[in-house]
Structures are given as C-alpha cells and as structure tokens.
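Novice:
Chains as they are written, first to last, in my numbering: chain W, 1 to 75; chain G, 76 to 250.
(1) With 8 angstroms as the threshold, decide whether the Cβ of residue 40 of chain W is near any Cβ in chain G.
(2) Kindly indicate if chain G contains any beta-carbon less than 8 angstroms away from that of residue 59 of chain W.
(3) Would residue 11 of chain W be called buried (16 or more neighbouring beta carbons within 10 Å of its own) or exposed?
(4) Let me know if residue 199 of chain G comes out buried or exposed under the rule of 16 or more other beta-carbons within 10 Å of its beta-carbon.
(5) Check for me: the beta strand (DSSP E) holding residue 42 of chain W runs from which residue to which?
(6) Using a Cβ cut-off of 8 angstroms (strictly closer), state whether residue 64 of chain W contacts chain G.
(7) Excluding the 5 residues flanking residue 201 of chain G on each side, which residues of the same chain have their C-beta closer than 7 angstroms to its C-beta?
(8) In chain G, which residues lie less than 8 angstroms from residue 56 of chain W when you measure between Cβ atoms?
(9) Do the segment 47 to 67 of chain W and the segment 117 to 131 of chain G make contact, defined as three or more Cβ pairs closer than 8 angstroms?
(10) Taking the alpha-carbon positions, what's the residue 197 of chain G to residue 114 of chain G distance?
(11) From residue 188 of chain G to residue 214 of chain G, what does the alpha carbon distance come to, in whole angstroms?
(12) Just tell me which of W:23, W:25, W:64, W:75 has its CA closest to the CA of residue 31 of chain W.
(13) Between the Cα of residue 66 of chain G and the Cα atoms of G:124, G:86, G:152, which residue gives the shortest distance?
(14) Starting from the C-beta of residue 203 of chain G, find all residues in its chain whose C-beta is less than 7 angstroms away, skip the five residues before and the five after it, and write them out in chain order.
(15) Give the range of the alpha helix (DSSP H) segment to which residue 154 of chain G is assigned.
(16) Could you tell me whether the Cβ atoms of residue 140 of chain G and residue 89 of chain G are closer together than 8 angstroms?
(17) Report the partner residues of residue 26 of chain W according to the DSSP bridge assignment.
(18) Evaluate residue 48 of chain W with the Cβ neighbour count: other Cβ atoms within 10 Å of its Cβ, from every protein chain shown; 16 or more gives buried, anything less gives exposed.
(19) Is it buried or exposed for residue 226 of chain G, if we count other Cβ within 10 angstroms and need 16 for buried?
(20) Among G:185, G:238, G:231, G:176, which has the Cα closest to the Cα of residue 109 of chain G?
(21) Judging by CA-CA distance, which residue of G:237, G:190, G:185, G:206 is the nearest neighbour of residue 224 of chain G?
(22) Quick one, which residues of the segment 92 to 114 of chain G are near chain W if we go by CB-CB under 9 angstroms, in chain order?
(23) Where do the ends of the alpha helix (DSSP H) carrying residue 130 of chain G lie?
(24) Looking at C-beta atoms only, is the number of pairs between the segment 238 to 249 of chain G and the segment 161 to 169 of chain G that lie closer than 8 angstroms three or more?
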C-alpha cells in the first residue's frame, strides 16, 4: 500500500526504483528503456499517479500491464 | 510560441530524442540490409531499404526544426545515441532469423508512431510547422509499420509499396 507521498520517492532518480500508479495499481517500470532516469518521453516523471495523463498518451494502459504490480495506491 | 501553451524546451528535447531514434534506426537498417540474404531475406530487402532511406530523411528533416526552435544536437554520436526516444535496435543473435529481425523492426516502427503521435498531439493548433513535420513523418512511419506487420503475418495492411521516389510525405521538408 502506497500513499502519494510514498510513491513520489520511487522517482527513478539517483538509484531509486521507478514506480508509477495507474487506476489504483502501482507498477515497477524500473527496467523499462522508456523510463530511463525516471522520465518518460520528456513530459512524465516516475513516482506519480498517471491515471489521468494516460488518457492523453499515444498508447493505452495495455503497455503498463507487462510490468510487475508492486502495490496499490491508497485513495 | 510559448504563448500558445507549448513548453518549447520540452518540445525541442522530444524532437532531439526522436531525431536520435531515426539516426540509430538508420544505422540498424544498414547492418540489417547487409544481413538480409537468402530467399526470405531478399523478400524483405526492398522495404527495409525504403525504410532505411526514409528514416535518414526523417533525421535530416528534423534537424532544421530543432535549430529553428533554439535547440541543438549533442556534440558527439555516443551522447546522441544514448538519448534516443526508442530502444536502439540490434541484430538478433542469429542474423538469419528473419522473424526475429522483423519483430525488432515492427517494434521500432511502433515506438516511432507513438512518438510522432505524441508530438502531433502537443503541437496541434499551436505550432503549425512542427505539427506539419511530425504529421508527415508519422504518415511514413505508419506505412513502415504496416509493411513489417504484414510480413509477420499479423494481417493484411492494405498499404502499397512505394512507387518511385521515397518519402512522399517528408520530401517537401528536404527541398
């Protein structure tokens, strides 16, 4: 279980793992090329809830589903 | 341009990263083309060659816009390679494994399609010149993706091979 504040520590910077939340689930995207350095295509940071921004992305949430779920985001 | 709501620094970074992806893909297509031999390989050589030249064209078309917007390219090829918007491709361990090669290619093209869709979404109605360029590149990337997808047997694409010149959409930026 992650709070938003806890999630923000997993920002992929300075050796921290890169986690992102979507629809209440927290995914570990650390190993993804597209999240290198905790940044995703310049505009998005790891450690955030992406539920709203995925609606504007050029892909669906399906791409996230291949990453391991490491927890849930608390309300 | 920032008055339209576009963050120019972010846009330039996206353009540079996508230019890096184009040039690294051009390199990959070049080594790939060398290895496309035999009955299966020869069948793909024509579209691989078209995609190779067009990806180089995309790189060349992006560069002027990057500088127009106040950006610049990294000072060396390694730095440029390392900031690519898409995973740099590499030959499969078995260079005669045509299906593995096609899978690498189709994934690279899909990454490019997402990248230019993203740039189009950011610039639509705000930065007409970048939008026009990104949309032209997007049209060609969609065709590349469809060619390789069709070769993988994912379904008929309904697209035709090039007739005549390469880059029917992007060539206007190269004149």
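Every residue gets a Cβ at the ideal spot worked out from N, C-alpha and C, and that includes glycine.
If you're wondering where the values come from, they're calculated on a predicted model, not measured in any experiment.
Specialist: The relevant details are as follows:
(1) No, residue 40 of chain W does not count as interfacial toward chain G.
(2) Yes, residue 59 of chain W counts as interfacial toward chain G.
(3) Looking at its Cβ environment, which holds 16 or more other Cβ atoms inside 10 Å, residue 11 of chain W is buried.
(4) By the C-beta density criterion, residue 199 of chain G is exposed, having fewer than 16 other C-beta atoms within 10 angstroms.
(5) Per DSSP, residue 42 of chain W belongs to no beta strand (DSSP E) and is neither H nor E.
(6) Taking 8 angstroms as the CB threshold, residue 64 of chain W stays off the interface with chain G.
(7) Apart from the 5 residues on each side of it in sequence, residue 201 of chain G sits with its Cβ closer than 7 angstroms to the Cβ of 79, 80, 81 in its chain, given in chain order.
(8) Within chain G, the residues near residue 56 of chain W are 196.
(9) Judged by Cβ distances under 8 angstroms, the segment 47 to 67 of chain W makes no contact with the segment 117 to 131 of chain G, as fewer than three pairs qualify.
(10) So the two alpha carbons sit approximately 43 angstroms from each other.
(11) Whole-angstrom Cα-Cα distance: 9 angstroms.
(12) Nearest option by C-alpha distance: W:64.
(13) The question about residue 66 of chain G has no answer, for chain G in this structure spans 76 to 250.
(14) Excluding sequence neighbours, residue 203 of chain G sits near nothing in its chain.
(15) Residue 154 of chain G -> alpha helix (DSSP H) spans 152 to 157.
(16) Contact flag unset, no.
(17) The secondary-structure analysis by DSSP pairs residue 26 of chain W across a beta bridge with W:21, W:71.
(18) Buried, by the Cβ-count rule.
(19) The residue is buried, with at least 16 neighbouring Cβ atoms inside 10 Å.
(20) The option with the nearest alpha carbon to residue 109 of chain G is G:176.
(21) Comparing alpha-carbon positions, the option among G:237, G:190, G:185, G:206 lying closest to residue 224 of chain G turns out to be G:185.
(22) Against chain W - using a Cβ distance shorter than 9 angstroms - the residues of the segment 92 to 114 of chain G are 92.
(23) For residue 130 of chain G, the enclosing alpha helix (DSSP H) has its first and last residue at 113 to 143.
(24) The segment 238 to 249 of chain G vs the segment 161 to 169 of chain G: no contact.
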